[in-house]
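Under full-length UniProt numbering, the residue at position 177 of the sequence shown is numbered 177, and the numbers go up by one with no gaps.
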Amino acid sequence: MVKKEIILLGTFHMEQYEAELIIEKEKEIMEMVGELIKLQPKKVALEWDRAIQTKLQERYTQCKVQYSQHEMEQIGFRAAKALGLKEVHAVDWEGTLTQEDVTDLFMNIEKGYPVIREKIQVVKELSPSINKKIRMMDSYKALNNYNAISELERLYLSFALVEDPNGKNIGMEFLTKWMEREYKIYKNIAEVAAMEGNNRILLLIGSDHLWMLKTLFEGSGWKVLLPFSE
């Protein structure tokens, strides 16, 4: 039986940066893509709502030379095109976690959980960014570093302790909704893997997802590759 393999690449959300900066980084992005395709993935999965797979596929098919600022195109589409793939796969799920849930959690942490608040601040201060002075490859290596992934895991799990003034366990509610999304992403990727063909899949996804997805795939017997981890 051929062992399923997944290449996990955590990514920045490039639309949060100035468009000119991403344009300036084009050669460095292409250098990264070159390293990814050396791993010879046979499918490319992207953080895009699976419910609108058709729209993603249309964008991929129509995209020839010009790519939007979105990381799914800058990295995902470029990699898939370089590999000669006819399709890319949407594997995200919007889920039930709302902005209100996130705001409520962090507001209560700010008011009553100084230790967790300090952890959040430390993670923010250590978080890499896309920067004119730093090579894109180096930024991605820092983002996908094993220590960075472990720090995020510890931070997220600490949310389980958070309650609001009425004793409502909002931290657990947040994590329940977050984990539900992770399981759904895992399921969607497993279904992509069940399609005909080689099962080495490249997944491009926001770096906050890495710690849980790594656990899920390793726990179910997949070989997990973290290409830019150190």
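We put the beta carbon where it would ideally sit given N, CA and C, even for glycine.
Review point. Can you pull the DSSP bridge partners for Arg200?
Key: Note: Arg200 sits in a beta bridge opposite Glu5.
**Study point:** Identity of the residues DSSP links to Ile205 by a beta bridge
**Key:** Residue pairing for Ile205: DSSP places it in a beta bridge opposite Gly10.
Point to revise | Endpoints, the beta strand (DSSP E) within which Trp211 is located | key: That residue, Trp211, is in no beta strand (DSSP E); its alpha helix (DSSP H) goes 210-219.
Review point. To the nearest angstrom, how far is it from the Cα of Trp222 to the Cα of Lys3?
Key: Rounded to the nearest angstrom, the two C-alpha atoms are 6 Å apart.
Exercise for review: List the DSSP bridge partners of Asp138.
Suggested key: Bridge partners of Asp138: none, in fact.
Review point. Does the pairing of the segment 5-15 with the segment 138-148 give three or more beta-carbon distances under 8 Å?
Key: Enough Cβ pairs lie closer than 8 Å, so yes.
Point to revise | Terminal residues of the alpha helix (DSSP H) in which Val102 lies | key: 99-112 is the extent of the alpha helix (DSSP H) around Val102.
Check your understanding: Is the segment 184-191 touching the segment 147-163, taking contact as three or more C-beta pairs under 8 Å?
Key -> Counting Cβ pairs under 8 Å, fewer than three are found: no touch.
Practice item. Please determine, among Pro128, Lys168, Met212, the residue with the shortest C-alpha to C-alpha distance to Asp104. Key: For the residues Pro128, Lys168, Met212, the minimum Cα distance to Asp104 belongs to Lys168.
Point to revise | Backbone secondary structure at Glu47 - three-state DSSP | key: If DSSP states are grouped into helix, strand and coil, Glu47 belongs with the strands.
Check your understanding: Does the distance from the CB of Ala79 to the CB of Leu36 come in under 8 Å?
Key -> Cβ atoms of Ala79 and Leu36: closer than 8 Å.
Review point. Buried or exposed: Met32, going by 16 or more other Cβ atoms within 10 Å of its Cβ?
Key: Classification of Met32: buried, given that the 10 Å Cβ count is 16 or more.
Review point. Within this structure, are the beta carbons of Met137 and Glu18 separated by less than 8 Å?
Key: Between Met137 and Glu18, the C-beta gap is not smaller than 8 Å, which leaves the two residues out of contact.
Point to revise | Beta-carbon proximity list for Leu202, same chain, < 6 Å, skipping 5 on both sides | key: Cβ within range, chain order: Ile7, Pro41, Val44.
Exercise for review: Would you identify the three-state DSSP class for Trp124, choosing helix, strand or coil?
Suggested key: One detail in the question is off: residue 124 reads as Lys in this sequence, not Trp. In this structure, Lys124 counts as helix in the three-state DSSP scheme.
Review point. Bridge partners of Lys187, per DSSP?
Key: Residue pairing of Lys187 in beta bridges, as defined by DSSP: absent, with no partner found.
Review point. Thinking C-alpha only, which one of Ile22, Gln16, Glu15, Glu5 is nearest Ile134?
Key: If you compare the alpha carbons of Ile22, Gln16, Glu15, Glu5 with that of Ile134, the shortest gap goes to Ile22.
Practice item. Give me the Cβ distance between Ser129 and Ser139, rounded to the nearest whole Å; I'm assuming they're in contact under 8 Å. Key: Cβ atoms of Ser129 and Ser139 come within 8 Å of each other, at about 7 Å.
Point to revise | For Asn199 and Met172, the rounded distance between their alpha carbons | key: So the two alpha carbons sit approximately 34 Å from each other.
Check your understanding: Anyone know if the C-beta pair for Leu204 and Leu46 falls short of 8 Å?
Key -> At a Cβ-Cβ threshold of 8 Å, Leu204 and Leu46 count as neighbours.
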